[in-house]
Ligand code: FES
């Protein structure tokens, strides 16, 4: 029996189907989240899963993360300090949402930088290893020595 059942009477537990209906998350995804340790269940004597109600909030948090394209490994980090016997608190959510907002800002800055570089390339077409920052960002190829290696690498890949 897992930690999740310790503080909950059987009538407070949800079946996997109920969890799926209430969260809109497929049963297979719930099983996957459980494999990753993001949620936990107990088993009935007939070996059926039962989830404590507070797992709904965990699944909601995972769903938000997925909408933001936040990797599940990031969600694992957020949950690392939240015992399975507890509902993620308001503070846990504040911490996660601040962290994910920073991640979105970082991505937006990256996309804006790529957009500026692409704008510079429009109408150019030189595709020069020396001049084109999209082709060779921060002269990454130059750091590994002279010569046209990228096309050679692609041909042998
Ligand atoms: S294609 Fe010429 S600078 Fe990118």
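Residue numbers (the numbering used here): 18 to 174.
Just so it is clear, CB atoms sit at the ideal spot from N, CA and C, and this is done for glycine as well.
Keep in mind that this is a model prediction, so the values were computed, not measured.
In the DSSP assignment, residue 60 is bridged to 66.
Distances from the alpha-carbon of residue 122 to those of 140, 86, 156, 145 put 86 closest. By the criterion of at least three beta-carbon pairs nearer than 8 Å, the segment 88 to 97 is in contact with the segment 50 to 61.
Per DSSP, the unbroken beta strand (DSSP E) holding residue 32 starts and ends at 30 to 32.
For residue 74, the enclosing alpha helix (DSSP H) starts and ends at 72 to 84. Counting only residues of its own chain and dropping the five nearest sequence neighbours on each side, residue 61 has a CB closer than 7 Å to the CB of 67.
Sorted by chain position, residues whose beta-carbon lies closer than 7 Å to a non-hydrogen atom of ligand 1 are 137, 138, 141, 142, 143, 144, 145, 148, 149, 150, 151, 152. In its own chain, leaving out the 5 sequence neighbours on each side, no residue places its CB closer than 6 Å to the CB of residue 128.
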